[in-house]
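Chemist:
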DNA sequence: GCCAACGTTGGC
DNA sequence: GCCAACGTTGGC
């Protein structure tokens, strides 16, 4: 029996939208819009459910790594930007009756006592199979196992 | 800024 | 359906 993944890692470029930006957002929540990759969309549409825990990962910055904890804050629903002609994420080929791009809301849950850098992840044998350390992995929405999630919390100094 | 790895597009 | 060209990602 295949069970759906329940733990996640989301990438964001901090100079575009950092964990602190999410923390300061209204209700600490934002729609995870602008994802235009089918694999990432499929995870949001088919597997993510409200309450799933998320590692919020900063990429393309001085110190890449997990910057905070978040959670899925809605069920999946269509990304409004795909129908906004003024948005860079406008998709003229998306049919309003059958939207192509589906997202979930994301809510910041807690800051970490210390961030878990990519360097630290690479140095931790128990995280050798995490997506972010696989060569060429560019997926911005990806599952992590519950065990990997726990190890990251441990490295972050989170007491359970 | 470089560049390898990857995804998407479009001609055929 | 193939695959070259192109655009993007993301660590370094």
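In our numbering, the protein residues as written are 1 to 160. All C-beta atoms in this analysis are idealised placements derived from N, C-alpha and C, irrespective of residue type, glycine included. In this text the structure is predicted, and so the values were computed from the model without any measurement.
#1: Tell me whether residue 81 sits in a helix, a strand or coil according to DSSP, three-state version.
#2: Excluding sequence positions up to five away, which residues of its chain have a Cβ less than 6 angstroms from the Cβ of residue 4?
#3: Determine the burial state of residue 72: buried for a count of at least 16 other Cβ atoms within 10 Å of its Cβ, exposed for fewer.
#4: Helix, strand or coil for residue 68? Go by DSSP, reduced to three states.
#5: For a quick check, are the C-beta atoms of residue 155 and residue 116 less than 7 angstroms apart?
#6: Which value, in whole angstroms, describes the spacing of the CA atoms of residue 8 and residue 137?
#7: Using the three-state DSSP reduction, which class does residue 11 fall into: helix, strand or coil?
#8: Given this structure, state the Cα-to-Cα distance separating residue 139 from residue 44, to the nearest angstrom.
#9: Can you tell me where the alpha helix (DSSP H) holding residue 108 begins and where it ends?
#10: Within the chosen definition, does the segment 16-26 reach the segment 94-111 through at least 3 CB pairs nearer than 8 angstroms?
Modeler: On the basis of the coordinates in this document:
#1: Within the first chain, the letter at position 81 stands for residue 81. Looking at residue 81 - three-state DSSP - the assignment turns out to be helix.
#2: On the first chain, position 4 is the one that residue 4 refers to. Closer than 6 angstroms at the Cβ level, and outside the excluded window around residue 4, lie 47.
#3: Locating residue 72 in the first chain gives position 72, counting from the first residue. Classification of residue 72: buried, given that the 10 Å Cβ count is 16 or more.
#4: Within the first chain, residue 68 is the residue found at index 68, counting from 1. Strand at residue 68.
#5: Residue mapping note: residue 155 aligns to position 155 of the first chain, counting from 1. Residue mapping note: residue 116 aligns to position 116 of the first chain, counting from 1. Yes, they are a contact pair.
#6: Along the first chain, read from residue 1 onward, the residue named residue 8 stands at position 8. Along the first chain, read from residue 1 onward, the residue named residue 137 stands at position 137. Cα to Cα, residue 8 sits roughly 15 angstroms from residue 137.
#7: Working through the first chain from its first residue, we reach residue 11 at position 11. Note: residue 11 maps to strand in three-state DSSP.
#8: In the first chain, the residue the question calls residue 139 occupies position 139. In the first chain, the residue the question calls residue 44 occupies position 44. Residue 139 and residue 44: Cα-Cα distance of roughly 12 angstroms.
#9: Locating residue 108 in the first chain gives position 108, counting from the first residue. Premise fails: residue 108 lies in the beta strand (DSSP E), 105-117, not in any alpha helix (DSSP H).
#10: yes
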